[in-house]
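These notes are about the structure you will find just below.
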C-alpha cells in the first residue's frame, strides 16, 4: 500500500472483528507478545488504516522501525520455526502396538545398518549394489541409501560445506535407524569422512546393529578410477574441500568389516566383498529372526 513502510522484526498484530465479539475477543496480552497500539487517525508515513463496511480487521496500526506486521505467534514459537533450535515441549513418543521383534519375525531377519564408508572411487556404491542383490537372492529384504541418491531428494538442500556434510550424514543416520527398526537391512553407502559423524550414527542404534564397513582402498587407486572425474577437478583446483585431496578422510579405528584392496581381481570383486559382509551378518545372526 502506498505510504506503508514495514521492517521485519517481531510480532504482532491485535485486531477486532466486528460481528465476532469486537474488542472482547481480543487475545489478552501475555509474555512473549508485542501489542501495537491501535489508532483511528489518518494514515501518515508510519500508519496503516483499513476501512470496510463489512470487514474491519485492523482499525489502525502504529508501525515503528522495530516492529513487524506478522502473524500473532509467541516469540519463542517464532524463533523455533525460524531457527529450528528449540524443540516443542508437547512432543511425546507414541508407542506402536507392533514391536520390532514382531516385524523381524515376519521378515525372518533382523534389522541393522550396514554403513559402507571410504574414499570417492573406492567402490562403495558398487559393493552396496552387489550386497543388496546377494541378500535378495537369499530372500532377505534390504534397502540402500546411496549418498548421491539421497542428495537428489531428502538432502537436496545441503551443500558440501563441513556443517552441511555433518547434517547430511545425520539425516541419513536417522533414516537408516527407521529402516533397521522396521526389520530391514539398511545399506548406507557414502564417504562420511569424519569419525565423529559415523560414531554419532552408531550411537542411534542398539549395540551391534551398526555394522561399519571400511573400503580400504589407497588414494592412488581411487584416483586412477575417478569414475566421476572429481579427482581431476579437485587437482585442478575447480573443486574445493574434496575428501582425500584438500580435505581429510578419517579411516575407522574399530570397524566391524574391512574390505581391503589387494589387487587380486577375485578377492576384490564386488561380489566377493559382498559375500564377506554376508558372512559377518550370518555369524551375528542377522539373517534369521
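In the UniProt record's numbering, the protein residues as written are 1 to 289. Glycine residues also receive a C-beta, built at the ideal position from the N, C-alpha and C atoms. In this text the structure is predicted, and so the values were computed from the model without any measurement.
Bridge partners - residue i, DSSP secondary structure assignment
| i | result |
| --- | --- |
| residue 188 | 115 and 145 |
| residue 273 | DSSP lists no partner for residue 273. |
| residue 140 | In the DSSP output, where bridge partners are listed per residue, residue 140 has none listed. |
| residue 212 | 115 |
| residue 247 | 243 |
Cβ-Cβ distance between residue i and residue j below 9 Å
| i | j | result |
| --- | --- | --- |
| residue 251 | residue 242 | no |
| residue 197 | residue 165 | yes |
| residue 120 | residue 222 | yes |
| residue 111 | residue 104 | yes |
| residue 175 | residue 142 | no |
| residue 202 | residue 115 | yes |
| residue 214 | residue 147 | no |
Terminal residues of the alpha helix (DSSP H) in which residue i lies
| i | result |
| --- | --- |
| residue 163 | 162–182 |
| residue 92 | Element bounds for residue 92: n/a, residue is neither H nor E. |
| residue 233 | 230–235 |
| residue 219 | 219–225 |
| residue 107 | 100–107 |
| residue 197 | 195–202 |
Top-ranked residue by Cα proximity to residue i, from the options
| i | options | result |
| --- | --- | --- |
| residue 210 | 133, 284 and 102 | 284 |
| residue 113 | 274, 135, 177 and 91 | 177 |
| residue 260 | 247, 245 and 276 | 276 |
| residue 281 | 95, 109, 98 and 89 | 109 |
| residue 248 | 122, 194 and 124 | 194 |
| residue 216 | 253, 175 and 91 | 253 |
| residue 273 | 95, 100, 97 and 128 | 128 |
| residue 179 | 117, 148 and 100 | 100 |
| residue 96 | 258, 181 and 207 | 181 |
| residue 123 | 232, 218 and 286 | 218 |
| residue 136 | 230, 107, 160 and 151 | 107 |
| residue 244 | 257, 258 and 226 | 226 |
Limits of the beta strand (DSSP E) - the one that residue i falls within
| i | result |
| --- | --- |
| residue 260 | 257–260 |
Integer Cβ distance of residue i from residue j, believed to fall under 8 Å
| i | j | result |
| --- | --- | --- |
| residue 187 | residue 126 | That belief does not hold up - the Cβ atoms of residue 187 and residue 126 are roughly 12 Å apart, past 8 Å. |
| residue 173 | residue 204 | 6 Å |
| residue 154 | residue 171 | 6 Å |
| residue 238 | residue 246 | Actually they do not touch by this definition, with Cβ atoms about 12 Å apart. |
| residue 278 | residue 162 | Not confirmed; about 34 Å, so no contact. |
| residue 255 | residue 212 | 4 Å |
| residue 266 | residue 138 | Actually they are not in contact, since the Cβ atoms of residue 266 and residue 138 sit about 21 Å apart, beyond 8 Å. |
| residue 158 | residue 168 | 5 Å |
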